[in-house]
Amino acid sequence: MDYKDIAKRKQPRQRSVEILLDEDLMTRRDDLFTQIRRHERSESLDGGDMASPLPGLRQQLLDLSDEMVEATVTFTFKSFPRKAWNDAVTRFEDGDGNLGEDFEVFIIAKSSVDPKLTAKQVRSMFTSKDWSAAEIDQLFDAAYRVNREVRNTLFTQAGISEILNSGLSSTTAQSEE
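Throughout the sequence shown, residue numbering follows our numbering, covering 211 to 387 in sequence.
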């Protein structure tokens, strides 16, 4: 295979992160988990002689999970060329090796593809009372990693087994496409 073939086939990397927009749903989920665990322990101790609230609680949890899916947005980021990355580092570095918040805003906006975010929109997320530092960090981490993280391609049987046995599931917060 020559370089032209490689260049034709090479696609930019993508990384997605999911963020739940309604934190009250997470609180309700945690409360239901607590109630379910409490009743499971109680039933195991008393032999389950009384009418169990567990089926109703489990159904509430299933119904809530549908609401949570509806209230979750997926942000997708795509890598950009190395020269543009280096230019951004040069532009935002303060001389002491620190990049700062302007760099984070730039990287999130530049890498975002779905939804496409402008620097102004990202900046408003940074200053909004509705976006936590953890959520902003998730966005920046995804944008940073899609551009800078080295990934191994595990095509061997052992590599695929490692992935399958690592505990990854479809509910992980971050995924690569």
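Idealized CB from N, CA, C, for every residue including glycine.
Predicted, not measured: the structure shown is a model, and the values here were computed from it.
Taking all protein chains in view, the Cβ of residue 289 is crowded by 16 or more other Cβ atoms within 10 Å, so the residue is classified as buried. In the structure shown, residue 324 falls within a strand segment according to DSSP collapsed to helix, strand and coil.
The beta carbon of residue 353 lies closer than 6 Å to those of 287, 317, 318 and 321 in the same chain, with the five residues before and after it left out. If you check the CB distance, residue 229 and residue 283 come in under 8 Å.
Taking 8 Å as the cut-off, the Cβ atoms of residue 298 and residue 313 count as close. The continuous beta strand (DSSP E) containing residue 285 extends over residues 282-288. A Cβ-Cβ distance of about 7 Å is found for the pair residue 336 and residue 311, placing them in contact under the 8 Å criterion. Following the DSSP letters along the chain, one finds residue 309 in no alpha helix (DSSP H), marked with neither H nor E.
Taken through DSSP and simplified to helix, strand or coil, residue 224 comes out as strand.
For residue 246, same chain residues with a beta-carbon under 6 Å away, outside a window of 5 residues either side, are 267 in chain order.
Excluding residues up to 5 positions away in sequence, nothing lies with its Cβ nearer than 7 Å to the Cβ of residue 376 in the same chain. It is roughly 11 Å from the alpha-carbon of residue 292 to the alpha-carbon of residue 222. Around the beta carbon of residue 355, 16 or more other beta carbons lie within 10 angstroms, which makes this residue buried. Taking C-beta separations shorter than 7 Å and ignoring five residues to either side along the sequence, the partners of residue 332 in its chain run 315, 318 and 319, following chain order. Between residue 250 and residue 272, the C-beta gap is not smaller than 8 Å, which leaves the two residues out of contact.
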